[in-house]
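One line per chain: the protein sequences are A and B, in this order. Counting from 1, one number per residue, gives the positions in the first sequence under my numbering. Counting from 245, one number per residue, gives the positions in the second sequence under my numbering. Cβ atoms here follow ideal geometry from the backbone N, Cα and C, with glycine treated the same way.
Number of protein chains: 2
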Amino acid sequence: MSTDTVTAAILVIGDEILSGRTKDRNIGTIADYLTAIGIALREVRIVPDEAEAIVAAVNALRASHTYLFTTGGIGPTHDDITADCVAAAFGVGIDVDPRARAMLLERHKPEDLNAARLRMARIPEGADLIPNPISKAPGFHIGNVFVMAGVPAIMQAMLDAVGPSLATGARMLSETIEAGGLPEGAYAGGLAEIAKDFPGVSIGSYPSMTEAGFRNRIVVRSTDAAALAEAQGAVQALVAGLTG
Amino acid sequence: MSTDTVTAAILVIGDEILSGRTKDRNIGTIADYLTAIGIALREVRIVPDEAEAIVAAVNALRASHTYLFTTGGIGPTHDDITADCVAAAFGVGIDVDPRARAMLLERHKPEDLNAARLRMARIPEGADLIPNPISKAPGFHIGNVFVMAGVPAIMQAMLDAVGPSLATGARMLSETIEAGGLPEGAYAGGLAEIAKDFPGVSIGSYPSMTEAGFRNRIVVRSTDAAALAEAQGAVQALVAGLTG
Numbered sequence: 001m002s003t004d005t006v007t008a009a010i011l012v013i014g015d016e017i018l019s020g021r022t023k024d025r026n027i028g029t030i031a032d033y034l035t036a037i038g039i040a041l042r043e044v045r046i047v048p049d050e051a052e053a054i055v056a057a058v059n060a061l062r063a064s065h066t067y068l069f070t071t072g073g074i075g076p077t078h079d080d081i082t083a084d085c086v087a088a089a090f091g092v093g094i095d096v097d098p099r100a101r102a103m104l105l106e107r108h109k110p111e112d113l114n115a116a117r118l119r120m121a122r123i124p125e126g127a128d129l130i131p132n133p134i135s136k137a138p139g140f141h142i143g144n145v146f147v148m149a150g151v152p153a154i155m156q157a158m159l160d161a162v163g164p165s166l167a168t169g170a171r172m173l174s175e176t177i178e179a180g181g182l183p184e185g186a187y188a189g190g191l192a193e194i195a196k197d198f199p200g201v202s203i204g205s206y207p208s209m210t211e212a213g214f215r216n217r218i219v220v221r222s223t224d225a226a227a228l229a230e231a232q233g234a235v236q237a238l239v240a241g242l243t244g
Numbered sequence: 245m246s247t248d249t250v251t252a253a254i255l256v257i258g259d260e261i262l263s264g265r266t267k268d269r270n271i272g273t274i275a276d277y278l279t280a281i282g283i284a285l286r287e288v289r290i291v292p293d294e295a296e297a298i299v300a301a302v303n304a305l306r307a308s309h310t311y312l313f314t315t316g317g318i319g320p321t322h323d324d325i326t327a328d329c330v331a332a333a334f335g336v337g338i339d340v341d342p343r344a345r346a347m348l349l350e351r352h353k354p355e356d357l358n359a360a361r362l363r364m365a366r367i368p369e370g371a372d373l374i375p376n377p378i379s380k381a382p383g384f385h386i387g388n389v390f391v392m393a394g395v396p397a398i399m400q401a402m403l404d405a406v407g408p409s410l411a412t413g414a415r416m417l418s419e420t421i422e423a424g425g426l427p428e429g430a431y432a433g434g435l436a437e438i439a440k441d442f443p444g445v446s447i448g449s450y451p452s453m454t455e456a457g458f459r460n461r462i463v464v465r466s467t468d469a470a471a472l473a474e475a476q477g478a479v480q481a482l483v484a485g486l487t488g
């Protein structure tokens with residue numbers, strides 16, 4: 001582990017994910033994004049649309065990670081309570097933000113900006129806005145917390161908008177060694193030895209099932225390119241020795 | 245909310261999910277399963293393959309929910325540390341379990357049951373086994389915690405095996421009202437009124453993006469069939485009034 005590790009957590013807010021009705025796609029997208037820019041995603045939580053659960057999770061996760069990214073709950077309906085919960089978590093006020101209101105007016109006529117739509121302009125005091133090129137209602141950024149939409153395309157646009165402003169650490173590099181049909185149990189002992197020899201390299205073994213049976217993949221990960229290459233070589237030699 | 249609510253949490257254990265390399269599919273499967281049998285999934289956490297994080301999450305989640313389901317980290321390789329962590333969380337010992345060893349012998353010849361494979365027979369003291377019809381290495385059940393494999397097909401088989409033994413509460417019923425292209429901002433005010441009128445019904449509004457623009461869906465959920473039908477009728481009338 002490099003000492004300049006930048007870490008992150010994701011908080012997914014939504015009854016619809018917990019009920020199974022909607023299958024989350026944002027976690028994987030954010031995980032890929034953060035890994036690519038050198039931020040280590042360390043924890044994910046999914047909580048229901050309930051103030052107490054959201055506030056507790058926001059405060060737990062923002063305290064223990066460099067960044068917290070939330071998705072969901074920033075629309076115009078009564079079940080969208082994320083902004084209020086984040087304000088409560090930070091102990092700041094929340095009101096209609098003139099900048100956010102102006103953004104909504106790019107999409108809605110003034111006479112259509114009813115109370116429900118104005119809810120989307122309610123932003124915690126001291127927050128910066130995250131633009132939403134698709135439907136205009138912004139996300140926001142307060143302290144180390146980034147509040148984004150749940151709709152995947154909008155979340156993605158917001159992530160692209162905030163990405164360049166994030167501090168990043170050493171990029172985690174990874175290499176995959178295909179073990180094919182070689183059973184995990186056949187190489188696990190050797191792999192544990194290699195893992196001990198390379199304390200700065202994280203080594204994982206990931207089975208998946210195919211029509212042809214198990215297919216195993218070994219992934220070596222490190223911020224240190226030289227150590228990574230050495231560990232990769234050792235794993236390749238292990239697999240070749242067992243396959244040959 | 246019914247008073248006989250049975251709740252659950254999921255703990256997904258795995259660096260490969262947090263790195264984005266593997267996209268989780270178990271959360272959605274378990275969420276669907278629990279909803280269908282009348283167990284309310286209330287929280288999900290994803291943590292890395294690190295003992296401290298796993299033990300803390302197991303203890304937090306088993307204390308606050310009727311059941312905790314974990315996935316991942318029960319294979320033969322050095323990064324599979326879930327069983328040890330669950331034993332530590334419960335403060336019990338862990339050793340090779342003769343029943344689990346017998347299950348492994350259904351798949352492996354005695355001479356192939358090396359130290360790595362025997363890791364899969366290490367089961368916390370006092371746990372019951374969860375059979376694995378696919379690759380034999382069992383999951384286990386201790387207290388209110390169910391420890392399952394990460395490979396989706398095996399997880400599914402284990403869930404099917406434990407399902408009938410679970411206490412279930414009143415089944416959450418749900419109805420979906422298609423709002424089509426009607427904007428959330430147009431019905432949000434009326435929907436909030438309906439939500440207030442039906443405190444026993446949870447009402448959510450879920451936008452999704454399609455080629456044709458936003459498509460919105462309103463979902464009403466309750467364990468009370470009569471209240472659900474009434475709320476559904478009110479939402480249908482609201483949508484029809486705004487569409488017509």
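Quick one: what does DSSP say residue i is sitting in, helix, strand or coil?
i	result
R363 of chain B	helix
V151 of chain A	coil
P342 of chain B	helix
A333 of chain B	helix
S379 of chain B	coil
A227 of chain A	helix
E350 of chain B	coil
P207 of chain A	strand
I261 of chain B	helix
T314 of chain B	strand
P408 of chain B	helix
A484 of chain B	helix
For the beta strand (DSSP E) holding residue i, just list the boundary residues, first then last.
i	result
R221 of chain A	G213 to S222
E419 of chain B	L417 to G424
L357 of chain B	Where L357 of chain B is concerned, there is no enclosing beta strand (DSSP E), given that its DSSP letter is neither H nor E.
M252 of chain B	Note on identity: in this sequence residue 252 of chain B is Ala, with Met being the wrong assignment. First-last of the beta strand (DSSP E) with A252 of chain B: T251 to I257.
D372 of chain B	D372 to I374
E287 of chain B	A284 to V291
Specify, as a first and last residue, the run of the alpha helix (DSSP H) that residue i falls within.
i	result
V273 of chain B	Sequence inspection shows Thr at residue 273 of chain B; the Val mentioned does not correspond to that position. Unbroken alpha helix (DSSP H) run through T273 of chain B: N270 to I281.
V201 of chain A	First-last for V201 of chain A: undefined, no H or E at that position.
E52 of chain A	A51 to S64
E184 of chain A	E184 to D197
For residue i, count neighbouring C-beta atoms within 10 Å of its own C-beta (all shown protein chains included) and say buried if the count is 16 or more, exposed if not.
i	result
R99 of chain A	exposed
L242 of chain A	exposed
D356 of chain B	exposed
A359 of chain B	exposed
D79 of chain A	buried
T454 of chain B	exposed
A195 of chain A	buried
D293 of chain B	buried
A153 of chain A	exposed
G425 of chain B	exposed
Grab me the residues of residue i's own chain with a C-beta within less than 8 Å of its C-beta, minus the 5 sequence neighbours each way, in chain order.
i	result
M416 of chain B	T279, G282, A284, R465, S466 and T467
Q232 of chain A	E175, I177 and V220
G93 of chain A	A87, P124 and E125
Y67 of chain A	V6, T7, A8, A9, I39, N144, V145, F146 and L166
A225 of chain A	L173
Can you pull the chain A residues whose beta carbon is under 7 Å from the beta carbon of residue i, in chain order?
i	result
G444 of chain B	Within 7 Å Cβ-Cβ: nothing; G444 of chain B doesn't reach chain A, min ~15 Å.
P292 of chain B	R42
D468 of chain B	In chain order: nothing, as chain A lies at least about 16 Å away.
A439 of chain B	H78
Just the chain B side, please: which residues come within less than 9 Å of residue i by C-beta, in chain order?
i	result
N144 of chain A	Near N144 of chain A there are no residues of chain B at all, since even the closest Cβ is about 18 Å away, more than 9 Å.
I246 of chain A	Because chain A spans 1 through 244 in this model, residue 246 of chain A falls outside it and cannot be assessed.
I203 of chain A	T321, H322 and D323
V86 of chain A	Neighbours of V86 of chain A on chain B: none; closest Cβ ~18 Å, over 9 Å.
L191 of chain A	T321, H322, D323 and A360
At 7 Å on the CB atoms, spell out the chain B contacts of residue i, in chain order.
i	result
V151 of chain A	P451, S452 and M453
K23 of chain A	G272
D32 of chain A	G264
T35 of chain A	S263 and G264
Using a cut-off of 9 Å between C-beta atoms, extract the partners of residue i located in chain A.
i	result
R289 of chain B	E43, V44, R45 and I46
Which residues in the same chain have their Cβ closer than 7 Å to the Cβ of residue i, if we skip the five residues on either side of it in sequence?
i	result
A301 of chain B	L255, R289 and V291
P382 of chain B	A344, M347, L373, I374, P375 and N376
P451 of chain B	E428, F458 and N460
E350 of chain B	K380
V162 of chain A	I130, H141 and F146
Excluding the 5 residues flanking residue i on each side, which residues of the same chain have their C-beta closer than 6 Å to its C-beta?
i	result
T266 of chain B	E260
So residue i contacts chain D; which residues on that side make the cut at Cβ distance below 7 Å?
i	result
L305 of chain B	Protein chains in the displayed structure are A and B, and chain D is not among them.
Using a cut-off of 8 Å between C-beta atoms, extract the partners of residue i located in chain B.
i	result
D15 of chain A	S446, G448 and R465
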